[in-house]
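**Q** Going by this note's numbering, the letters in the sequence shown line up with residues 89 to 358, in that order. Sharing a structure here in structure tokens format.
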Amino acid sequence: MSLRRSQRERRPSRKEGFQYDWSLPRGRPTPKSWSILEVLKRIDQDRVLVRWNPTNGREWPDSPVDLRINPELRARLEKNGSNPKVKAFKDQQMAIEPRELGALRQLIYDNLGNRYTPSKEGHSRRVTVTLPFPESSFRRLFLQKLSIPICQELLEEQPLENCFGQRAISILPGETMEELDAILGESWGDRTFNTNTVCSVIKEEEILVSWGYKKRELFSHKNCPRCNWDKESGERRPEACTTTVSYLVGEAELSFTFSRRRGLWEPGMM
Ligand SMILES: [Zn+2]
């Protein structure tokens, strides 16, 4: 980080005339530009504790910086609120464990951006999010924690085959929805904004969780008589292709399907 510390600026006082605001720093030699090595923590709404880069081999003690007189630093910090390495936000960051669930929460959040809609009630829409999800995590985080009979059956299956379509897990309002709440953590289904608008997962509607290895086929025409037909050979060109198929092997994936709707903040939401 090479941010300037504080740029003293002239501010008109409320009274008449001008005066300098010398609020920071006090009683210390002040080089023209100080560069910040690291922001260590947030002290309060407007102040952070920083570690300074040594200047000319000389080290400086950690000290507070007022963000009101360093808008450059404030803007830079604010862009990184979701970065777990930026310590200034440690107390404000919601980390979701384990990481597979964090990734799912991230995708759900991204699909709850329905902040402005033309209708007053907000229209609802069905959304599916898909992400890589290991079999062991699917077993541990979903099959073992949901008390739906199909989950018990699937747990006994070795190897576990695709749970798509008819084999997808259907989560309905009521008890299993509460189990899902416990799996995904607090406020997983509500994205709040700085107004009282909220975009929410509609928990009165079915949520579908499916898992498996999606089939991804590739067809080779390398040895296909039709595609390699030689005009000079005198043979008739085959009507149809003869291919060999390969299957692309990748990560197992979880798909999560829900309905969302824009609404207003209510007690119980974050
Ligand atoms: Zn062919």
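Heads up, the beta-carbon is just placed ideally off N, CA and C, and yes, glycines get one too. Being a predicted model, the structure only gives us computed values, none of them experimental.
Any idea if residue 202 is buried or exposed, counting beta-carbon neighbours within 10 angstroms, 16 or more meaning buried?
**A** To locate residue 202, count along the sequence shown from 1; it is residue 114. The residue is buried, with at least 16 neighbouring Cβ atoms inside 10 Å.
**Q** Report the partner residues of residue 295 according to the DSSP bridge assignment.
**A** By one-based count along the sequence shown, residue 295 stands at place 207. Its beta-bridge partners are 259.
**Q** What does DSSP give as the partner residues of residue 342 in its beta bridges?
**A** Here residue 342 corresponds to residue number 254 of the sequence shown, with the count starting at 1. DSSP output for residue 342 lists 219 and 299 as bridge partner(s).
**Q** Assign residue 158 to buried or exposed, taking buried as 16 or more other Cβ atoms, counted over all protein chains shown, within 10 Å of its Cβ.
**A** To locate residue 158, count along the sequence shown from 1; it is residue 70. Result: buried.
**Q** According to the Cβ coordinates, are residue 176 and residue 138 closer than 7 Å?
**A** Counted from its first residue, the sequence shown places residue 176 at position 88. Counted from its first residue, the sequence shown places residue 138 at position 50. No.
**Q** So what does DSSP say about residue 351, is it helix, strand or coil?
**A** If you number the sequence shown from 1, residue 351 lands on position 263. Reduced to three states, the DSSP call for residue 351 is strand.
**Q** Which same chain residues, not among the five before or five after residue 183, have their C-beta less than 8 Å away from its C-beta?
**A** For the purposes of this step, residue 183 is taken as residue 95 along the sequence shown, with counting starting at 1. These residues qualify, in order along the chain: 172 and 190.
**Q** Leaving out the 5 sequence neighbours to the left and right, which residues in its chain are closer than 6 Å to residue 129 when beta-carbon positions are compared?
**A** Translated into the one-based positions of the sequence shown, residue 129 becomes position 41. Here the set comprises 137 and 175.
**Q** Whole alpha helix (DSSP H) runs in the region 153 to 227 with 4 or more residues, listed along the chain?
**A** Counting whole runs of 4 or more residues, the region 153 to 227 contains the alpha helix (DSSP H) stretches 159 to 166, 187 to 198 and 223 to 226.
**Q** Would a C-beta distance cut-off of 7 Å place residue 248 and residue 223 closer than the cut-off?
**A** To locate residue 248, count along the sequence shown from 1; it is residue 160. To locate residue 223, count along the sequence shown from 1; it is residue 135. Yes, these two residues count as a Cβ contact at 7 Å.
**Q** At a threshold of 6 Å, does residue 211 count as lining ligand 1 (C-beta to nearest heavy atom)?
**A** Stepping through the sequence shown from its first residue, residue 211 is reached at position 123. Checking the Cβ of residue 211 against ligand 1 gives no.
**Q** Would you list the residues sitting across from residue 323 in a DSSP beta bridge?
**A** By one-based count along the sequence shown, residue 323 stands at place 235. Note: residue 323 sits in no beta bridge, so no partner.
**Q** Residue 258 and residue 378 - do their beta-carbons sit closer together than 7 Å?
**A** Any property of residue 378 remains undetermined from this structure, which presents the chain solely from 89 to 358.
**Q** Using the Cα positions of residue 267 and residue 233, report the straight-line distance between them to the nearest angstrom.
**A** The residue you call residue 267 lines up with position 179 of the sequence shown. The residue you call residue 233 lines up with position 145 of the sequence shown. About 7 Å.
**Q** Please confirm whether any heavy atom of ligand 1 lies closer than 6 Å to the CB of residue 314.
**A** Here residue 314 corresponds to residue number 226 of the sequence shown, with the count starting at 1. At least one heavy atom of ligand 1 is nearer than 6 Å to the Cβ of residue 314, so yes.
**Q** Residues bridged to residue 123 by DSSP?
**A** Residue numbering aside, residue 123 sits at position 35 when the sequence shown is read from its first letter. In DSSP, residue 123 forms no bridge with anything.
**Q** Can you grab the Cα-Cα spacing for the pair residue 315 / residue 335, in whole Å?
**A** As a working mapping, residue 315 is identified with position 227 in the sequence shown. As a working mapping, residue 335 is identified with position 247 in the sequence shown. Approximately 21 Å, taken between the alpha carbons.
**Q** Is the beta carbon of residue 195 closer than 7 Å to that of residue 219?
**A** Start at 1 with the first residue of the sequence shown, and residue 219 comes out as number 131. Start at 1 with the first residue of the sequence shown, and residue 195 comes out as number 107. Yes, these two residues count as a Cβ contact at 7 Å.
**Q** Under the assumption that residue 252 contacts residue 298 (Cβ atoms under 8 Å), give the Cβ distance between them as a whole number of angstroms.
**A** In the sequence shown, residue 252 corresponds to position 164, counting from 1. In the sequence shown, residue 298 corresponds to position 210, counting from 1. Indeed, because the Cβ distance is near 5 Å, the residues count as touching under 8 Å.
**Q** Which whole-angstrom value describes the C-beta separation of residue 123 and residue 141, a residue pair presumed to lie in contact below a C-beta threshold of 8 Å?
**A** For the purposes of this step, residue 123 is taken as the residue at position 35 of the sequence shown. For the purposes of this step, residue 141 is taken as the residue at position 53 of the sequence shown. Residue 123 to residue 141, Cβ: 4 Å. Contact.
**Q** With DSSP as the reference, identify every bridge partner of residue 307, one or two as the case may be.
**A** For the purposes of this step, residue 307 is taken as the residue at position 219 of the sequence shown. Note: residue 307 sits in a beta bridge opposite 333.
**Q** Near residue 221, which residues of its chain fall below 7 Å by C-beta distance, leaving aside the five closest residues on each side in sequence?
**A** In the sequence shown, residue 221 corresponds to position 133, counting from 1. Closer than 7 Å at the Cβ level, and outside the excluded window around residue 221, lie 188, 299, 340, 341 and 342.
**Q** Does DSSP classify residue 315 as helix, strand or coil?
**A** Taking the first residue of the sequence shown as position 1, residue 315 is located at position 227. Correct three-state label for residue 315: coil.
**Q** Go ahead and pull the three-state DSSP assignment for residue 269.
**A** Position 181 of the sequence shown, counted from the start, is the residue given in the question as residue 269. Looking at residue 269 - three-state DSSP - the assignment turns out to be helix.
**Q** Assuming residue 347 and residue 290 make a contact with CB atoms under 8 Å, what is their CB distance in whole Å?
**A** Residue mapping note: residue 347 aligns to position 259 of the sequence shown, counting from 1. Residue mapping note: residue 290 aligns to position 202 of the sequence shown, counting from 1. With 8 Å as the limit, residue 347 and residue 290 qualify as a contact, their Cβ atoms being about 4 Å apart.
**Q** Return the CA-CA distance between residue 131 and residue 153, expressed in angstroms with no decimal places.
**A** To locate residue 131, count along the sequence shown from 1; it is residue 43. To locate residue 153, count along the sequence shown from 1; it is residue 65. Approximately 9 Å between the Cα atoms of the pair.
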